[in-house]
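Structure record follows, encoded as structure tokens.
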Amino acid sequence: EAGVTQFPSHSVIEKGQTVTLRCDPISGHDNLYWYRRVMGKEIKFLLHFVKESKQDESGMPNNRFLAERTGGTYSTLKVQPAELEDSGVYFCASSQAGRDYGYTFGSGTRLTVV
Amino acid sequence: GESVGLHLPTLSVQEGDNSIINCAYSNSASDYFIWYKQESGKGPQFIIDIRSNMDKRQGQRVTVLLNKTVKHLSLQIAATQPGDSAVYFCAENAGDDKIIFGKGTRLHILP
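Residue numbers (my numbering), protein chains in the order written: chain U, 1 to 114; chain Z, 115 to 225.
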């Protein structure tokens, strides 16, 4: 079974540019989560999809961040325009049935805004 | 506030010794706790979990202890090996389908 796949693994962009991160969850997993870890701090929740619907987006930092999950399969997270403080590692995770089974995380996308 | 924290950012342990990583949480409504291991270049990997109706759970070389009275969680790794080097995160869930992570403890294994 393929795991959670994230693309790209690394991205370096200039301040003000746009970047789109992609996450392919494990096939059949309805739940998809985005998290990020900024400057070695804790891993912060961004948002949660159930299929194509946003269940909880309370962790999205501001309106420069837009997440989509069209068709309930893969998800994208767009940052536009990127700021220096957006640098960090963005993780995606998926789960099949609520929280009891734990999440499966992808390897993350390391975003560096210069 | 609702947060999960760790007591030590870094822990160094001699190879073969036991490691104990501690975590304090503040949300008394949390009823499910998870330990994750993150190796360099990889995402967090599930190690072990525990529900609030238990105070101890054992896995292979790992044990999680939960003390709800003082809101404390710990991860014990027996006979620590070089492959255990990683950052360890505790995480909690309060029933809303999202987990909240602590800051993490980096475990160094000394030869």
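C-beta: ideal position from N, C-alpha, C; glycine also.
From a predicted model like this one, the values you see are computed outputs, not experimental measurements.
ask   = Using 7 Å as the limit for Cβ to Cβ distance, is H29/U near chain Z?
value = no
query = For Q195/Z, which residues of its own chain have a beta-carbon under 6 Å away from its beta-carbon, when the five flanking residues on both sides are left out?
reply = If we look at Q195/Z and ignore the five residues flanking it on each side, it has no Cβ neighbours.
message = Along the chain, where does the beta strand (DSSP E) containing A67/U start, and where does it finish?
response = Element bounds for A67/U: 65-68.
Interface positions of the region 151-168 of chain Z facing chain U (Cβ-Cβ less than 8 Å), listed along the chain = G155, K156, G157, P158, Q159, F160, D163
ask   = Are any of the Cβ atoms in chain Z nearer than 7 Å to that of H10/U?
value = Using beta-carbon distances, H10/U does not count as an interface residue toward chain Z, since no partner is under 7 Å.
key: Contact between the region 81-97 of chain U and the region 12-27 of chain U (3+ Cβ pairs under 8 Å)   = yes
message = Between I13/U and chain Z, is any beta-carbon pair separated by less than 7 Å?
response = no
request  = Please go through the same chain and pick out, in chain order, the residues whose beta-carbon is closer than 7 Å to the beta-carbon of L120/Z, but skip the five residues on each side of it.
outcome  = Bear in mind that a pLDDT of 49 at L120/Z, under 50, signals an unreliable position, so the model cannot answer this.
task = Using a cut-off of 8 Å between C-beta atoms, extract the partners of G197/Z located in chain U.
result = The premise fails here: G197/Z is roughly 18 Å from chain U at the closest Cβ pair, so nothing lies under 8 Å.
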